[in-house]
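S.K.: So the sequences go chain by chain: A and B. For what it's worth, my numbering labels the leading residue of the first sequence as 1, then goes sequentially. For what it's worth, my numbering labels the leading residue of the second sequence as 115, then goes sequentially. Where is the CB? At the ideal position from N, CA and C, for every residue including glycine. Bear in mind that the values here come from a model prediction, so they are computed numbers and not experimental data.
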Amino acid sequence: KAGVTQTPRYLIKTRGQQVTLSCSPISGHRSVSWYQQTPGQGLQFLFEYFSETQRNKGNFPGRFSGRQFSNSRSEMNVSTLELGDSALYLCASSRQRGAGHGYTFGSGTRLTVV
Amino acid sequence: AQSVSQHNHHVILSEAASLELGCNYSYGGTVNLFWYVQYPGQHLQLLLKYFSGDPLVKGIKGFEAEFIKSKFSFNLRKPSVQWSDTAEYFCAVENSGAGSYQLTFGKGTKLSVIP
Numbered sequence: 001k002a003g004v005t006q007t008p009r010y011l012i013k014t015r016g017q018q019v020t021l022s023c024s025p026i027s028g029h030r031s032v033s034w035y036q037q038t039p040g041q042g043l044q045f046l047f048e049y050f051s052e053t054q055r056n057k058g059n060f061p062g063r064f065s066g067r068q069f070s071n072s073r074s075e076m077n078v079s080t081l082e083l084g085d086s087a088l089y090l091c092a093s094s095r096q097r098g099a100g101h102g103y104t105f106g107s108g109t110r111l112t113v114v
Numbered sequence: 115a116q117s118v119s120q121h122n123h124h125v126i127l128s129e130a131a132s133l134e135l136g137c138n139y140s141y142g143g144t145v146n147l148f149w150y151v152q153y154p155g156q157h158l159q160l161l162l163k164y165f166s167g168d169p170l171v172k173g174i175k176g177f178e179a180e181f182i183k184s185k186f187s188f189n190l191r192k193p194s195v196q197w198s199d200t201a202e203y204f205c206a207v208e209n210s211g212a213g214s215y216q217l218t219f220g221k222g223t224k225l226s227v228i229p
């Protein structure tokens with residue numbers, strides 16, 4: 001079966017710009033969660049979406065936002081980019097809410113802010 | 115807020131050596147526990163998980179982990195490592211009682227296996 005698809009794989013943006021990242025979950029998976037991975041902070045939870053609704057949000061500023069569409073695809077947006085936003089952004093999908101239902105992670109989008 | 119500690123940042127072992135990676139979490143409620151692995155250039159994959167029942171859980175590729183509730187620990191073990199086990203290993207906790215469904219990860223342990 002096709003895995004979780006994240007696009008683009010790599011992005012370079014300038015400080016102050018905004019960026020949109022996309023995540024297509026496995027067919028039939030209704031839950032999508034986003035994580036930020038950096039060398040200093042490790043993996044940190046950003047948000048969780050289920051049935052087009054944000055169910056949970058991590059400790060990130062309001063510049064980080066997201067949404068989920070009726071086909072379960074999700075996007076996250078970061079506005080007014082800062083150098084510290086450089087990271088690998090991962091999304092994970094599952095049939096129902098929670099890692100217990102079997103998260104499948106995508107390969108991530110590597111964002112570099114210059 | 116819950117937190118997860120992985121004791122070792124980088125572990126170097128020779129092939130056939132035994133492996134134990136430590137993981138402790140701080141949260142007093144009901145938790146689900148996970149170990150994930152990230153091979154070089156690949157996405158995060160689930161190694162094993164614990165929800166309830168037998169505290170010794172077996173995962174893929176010969177890995178196992180033991181949940182010790184009194185110590186808030188969930189250590190990963192493998193009796194004999196192979197070069198192909200070279201990867202980064204992440205312990206993660208999900209607070210199953212709060213309905214928040216977010217994973218809290220440890221900082222990861224890089225394992226290098228020398229042939």
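(1) In terms of residues, what are the limits of the beta strand (DSSP E) holding Glu48/A?
(2) Using three-state DSSP, classify Ile26/A as helix, strand or coil.
(3) Please list the partners that Ser132/B has in chain A, where partner means a Cβ-to-Cβ separation under 8 Å.
(4) Lys224/B: which of Glu202/B, Ile174/B, Gln116/B, Glu129/B sits nearest, CA to CA?
(5) Against chain B, does Leu46/A count as a neighbour if the rule is that its beta carbon must be under 7 Å from one of theirs?
(6) Exposed or buried, Lys163/B, counting other C-beta atoms within 10 Å across all chains shown (16 or more means buried)?
(7) Could you give the C-beta distance for Gln37/A and Leu90/A, rounded to a whole number, given that I count them as a contact under 8 Å?
(8) Report all residues from its chain with a CB closer than 8 Å to the CB of Pro154/B; omit the five preceding and five following residues, and keep chain order.
(9) In terms of residue numbering, what span does the beta strand (DSSP E) encompassing His121/B cover?
(10) Taking a contact to mean a Cβ-Cβ separation below 7 Å, would you say Ser126/A touches Phe50/A in this structure?
(11) Taking 7 Å as the CB-CB cut-off, is Asn148/A touching chain B?
(12) Quick check on the DSSP output: the beta strand (DSSP E) that includes Gly66/A runs from which residue to which?
M.R.: The structure says:
(1) 42 to 50
(2) Three-state result, Ile26/A: coil.
(3) Those do not exist, as Ser132/B stays about 26 Å from chain A at its closest Cβ, beyond 8 Å.
(4) The residue among Glu202/B, Ile174/B, Gln116/B, Glu129/B with its C-alpha nearest the C-alpha of Lys224/B is Glu202/B.
(5) no
(6) buried
(7) 6 Å
(8) Thr200, Ala201
(9) His121/B -> no beta strand (DSSP E), and no H or E assigned at all.
(10) The question about residue 126/A has no answer here: the residues shown for chain A are numbered 1 through 114.
(11) There is simply no residue 148/A to check, as chain A begins at 1 and stops at 114 in what is shown.
(12) Start and end: 64 to 68.
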